[in-house]
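S.K.: Chains G and B supply the protein sequences, listed in that same order.
Using our numbering, the first residue of the first sequence is number 1, and each one after it goes up by one.
Using our numbering, the first residue of the second sequence is number 1001, and each one after it goes up by one.
Where a beta carbon is used, it is the ideal one built from N, C-alpha and C, also for glycine.
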Amino acid sequence: MSTMVQSARGAAAFTPDDSSHTLSAAGDASVWSQAEEETERWNQWLEELRRLRRLEDDWDGEGAVAPHPNLVDRAIRLVGELQWLDVPPPDRIFPSTNGTIYFEWFTPEGYWEIEVLSPKEVEGRKILRGTDHCLTYRWEG
Amino acid sequence: MKAETDPITDDEFLLRRVRIERFRTDQIPIISPNAFEPRIQGRDPDTDGISFYRAACLNEPDEILALLDPQRWRENGIVRLSVSFLKSLNLSVVSKPDARVNGHVVIPELNSRDYQADKARFKPIMLKLAEEASKDENIVRRPDGRR
């Protein structure tokens, strides 16, 4: 098992290879419908993030640290960045017990996660299917 | 039922609480890898490793919910992993008795200090734990109380 740290490419590192998420010039109705569905799912995650902004310490009854509102704001900004990059909505967004926020994707290529560590630090990790390698991307700002 | 002092054998199952947001029914795997993330901060960091409970030391799996306010029971599911599976990942199981619930054990390799120092090293292991815990036979209780 090894860890590979790659130079940060920002959130673009998580742009999926699957071109099915890209709108075609032909404007196929099913593609538009998929785009609308994805927008709706992103909006639902934005609602969830706004809810997380109100969490307080011990939100899980087991002493978990609540994410700082400024960190949640960074996560909300990240949603906009990922949408702009045409990244599909994650399968999950949730607070960790350590005061950070996770975005998770399960794709045919493998498992991806982004952890918003602080208002200025974001770390992405990818584990390609069938490997024990975790590729790490970190970006600031 | 086994006593906490009995040796931990490879054929035993260990139980872990998983919060609802890490426990989705429409995803594969349904359990998040981060359900096995050590707590670094907060009231009770996992300095000695993440917690499990020996099923063999309990009458009912739901006993491990006893540490929580009953109003929070529906926010938590329960999954199980075998000791032999954990050992196959080079993880060990160490007894750490807790007066509140029988059979408390920890996985020393998944501790807060090492995790904080190198999260990427832990993630493939956490993914394997999640994939195994997501198998139907290892879902002991869903957050809505269903088996």
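(1) Determine whether the Cβ of B:P1108 lies closer than 8 angstroms to any Cβ atom of chain G.
(2) What are the uninterrupted segments assigned as alpha helix (DSSP H) that are 4 or more residues long and contained completely in the region 1060-1112 of chain B, given in chain order?
(3) Label B:K1128 either buried or exposed according to how many other C-beta atoms from any shown protein chain fall within 10 Å of its C-beta, with 16 as the threshold for buried.
(4) Establish whether the CB of G:F94 and some CB of chain B are separated by less than 8 angstroms.
(5) For B:N1034, return the contacting residues in chain G, with the cut-off set at a CB-CB distance below 7 angstroms.
(6) From what residue to what residue does the beta strand (DSSP E) around G:G124 run?
(7) Nearest-angstrom Cα distance between B:W1073 and B:N1111?
(8) Using a threshold of 7 angstroms, is the CB atom of B:A1003 nearer than that to any non-hydrogen atom of the ligand HEM?
(9) Suppose you measure from the CA of B:L996 to the CA of G:L46; what does that come to, to the nearest Å?
(10) Buried or exposed for G:D58, going by 16 or more other Cβ atoms inside 10 Å?
(11) Go ahead and pull the three-state DSSP assignment for G:R92.
(12) Using a Cβ cut-off of 8 angstroms, pull out every chain B residue sitting near G:Y137, in sequence order please.
(13) Listed from N- to C-terminal order along the chain, which residues in the region 41-70 of chain G have their beta-carbon within a distance smaller than 8 angstroms of any beta-carbon of chain B?
(14) If you check the beta carbons only, do B:P1061 and B:R1113 fall under 8 angstroms apart?
(15) Applying the criterion that 16 or more other CB atoms from any shown protein chain within 10 Å of the CB defines a buried residue, is B:D1144 buried or exposed?
(16) Going along chain B, which residues have a C-beta under 9 angstroms from G:G124?
(17) Keeping to the same chain, check which residues put their C-beta closer than 7 angstroms to that of B:V1101; ignore five residues upstream and five downstream.
(18) Nearest to G:Y111 by alpha carbon, out of G:L117, G:T100, G:P119, G:R125?
M.R.: Quick answer:
(1) no
(2) 1083-1088
(3) buried
(4) Under the Cβ criterion of 8 angstroms, G:F94 is counted among the residues facing chain B.
(5) S96, Y102
(6) 121-128
(7) 25 angstroms
(8) With respect to the ligand HEM, the structure offers nothing, as it holds no ligand at all.
(9) For chain B, the structure presents residues 1001 to 1147; residue 996 of chain B sits outside this window and is missing.
(10) exposed
(11) strand
(12) Here the premise fails: no neighbours, minimum Cβ distance about 10 angstroms.
(13) D57, D58, D60, G61, E62, G63, A64, V65
(14) no
(15) B:D1144 is exposed by the Cβ-count criterion.
(16) None at all; the shortest Cβ gap to chain B is about 11 angstroms.
(17) Y1053, E1063, I1064, A1066, L1067
(18) G:R125
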